[in-house]
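First the structure, in the form of structure tokens, and then the observations on it.
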Amino acid sequence: MTTEVGTKENPWKLKTPPQTSEYEMYKDEKDGKAILVCTVGKTVLHYDYRCIEDLTAMLKQHGDWIELGSADEQKPAKEGTVESWGRSTENPVGGWYGLKKGLRGRFGMYIPPLMEALKLAEVEHNPRNNRMRAI
């Protein structure tokens, strides 16, 4: 058994920003590309692994708190939020960091707690309207 955290055998155990739901994440590879596998109950989402580095850079450039604004793929993301940045044509990948069509949203719900666990960002834990900023 590996002691390295963030692997399939030893995933990060995380909670959503409001601390209401638990989920797991780990780094994997798909089609030669590094990805994050996010398991929420029986739902499995995939995000481009480079989102960690890209979001860290964006937060540092932003320099202040930014609202998370989590939303499903089918719903519009509130402008100026982490969620809207995670699907914007203006971000470094030119669109969605979510990789599974139909399940590409919720970037603002599941990536920020990982960033906090990696000590790259600070995340609020209010019942709603949470924000994050770079450390």
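Residues in the sequence shown are numbered consecutively from 38, following my numbering.
Note that CB positions come from ideal geometry on N, CA and C, so glycine has one too.
Problem set entry | For residue 114: DSSP bridge partner residues | Partner(s): none; residue 114 has no beta bridge.
Exercise. Taking Cβ positions, are residue 73 and residue 84 nearer each other than 8 Å?
Worked result: A contact, by the Cβ cut-off of 8 Å.
Exercise. Closer than 7 Å: is that where the CB of residue 154 sits relative to any heavy atom of the ligand GDP?
Worked result: In terms of ligand content, the structure shown is empty, and the ligand GDP therefore cannot be addressed.
Problem set entry | Bounding residues of the alpha helix (DSSP H) (the contiguous stretch that carries residue 134) | Here residue 134 belongs to no alpha helix (DSSP H), and DSSP marks it neither H nor E.
For this session: Confirm, please, whether the CB-CB distance from residue 120 to residue 107 is below 8 Å.
Result: The Cβ-Cβ distance between residue 107 and residue 120 falls below 8 Å.
For this session: Use the C-beta contact count for residue 167: other C-beta atoms within 10 angstroms, 16 or more gives buried, fewer gives exposed.
Result: Per the 10 Å Cβ criterion, buried.
Exercise. Under a three-way DSSP split, which group does residue 92 fall into?
Worked result: In the three-state reduction of the DSSP assignment, residue 92 falls in the helix class, which pools H, G and I.
Problem set entry | Enclosing alpha helix (DSSP H) for residue 148 [first to last residue] | That run of the alpha helix (DSSP H) goes 144–154.
Exercise. Which residues share a DSSP beta bridge with residue 64?
Worked result: Bridge partners of residue 64: 73.
Exercise. Would DSSP call residue 81 helix, strand or coil?
Worked result: The answer is strand: DSSP assigns residue 81 an E or B state.
Exercise. Considering only C-alpha positions, which residue in the set 98, 81, 118 is nearest to residue 105?
Worked result: Closest by alpha carbon: 118.
Problem set entry | Reduced DSSP category for residue 45 - H, G, I as helix; E, B as strand; rest coil | Reduced to three states, the DSSP call for residue 45 is coil.
For this session: Identify, in the order they occur along the chain, each residue of the same chain with its Cβ nearer than 7 Å to the Cβ of residue 139, setting aside the five sequence neighbours on each side.
Result: Excluding its 5 nearest sequence neighbours in each direction, residue 139 has C-beta neighbours in its own chain below 7 Å: 110, listed in chain order.
Exercise. Around the C-beta of residue 160, are 16 or more other C-beta atoms found within 10 angstroms, so that it is buried, or is it exposed?
Worked result: By the C-beta density criterion, residue 160 is buried, having at least 16 other C-beta atoms within 10 angstroms.
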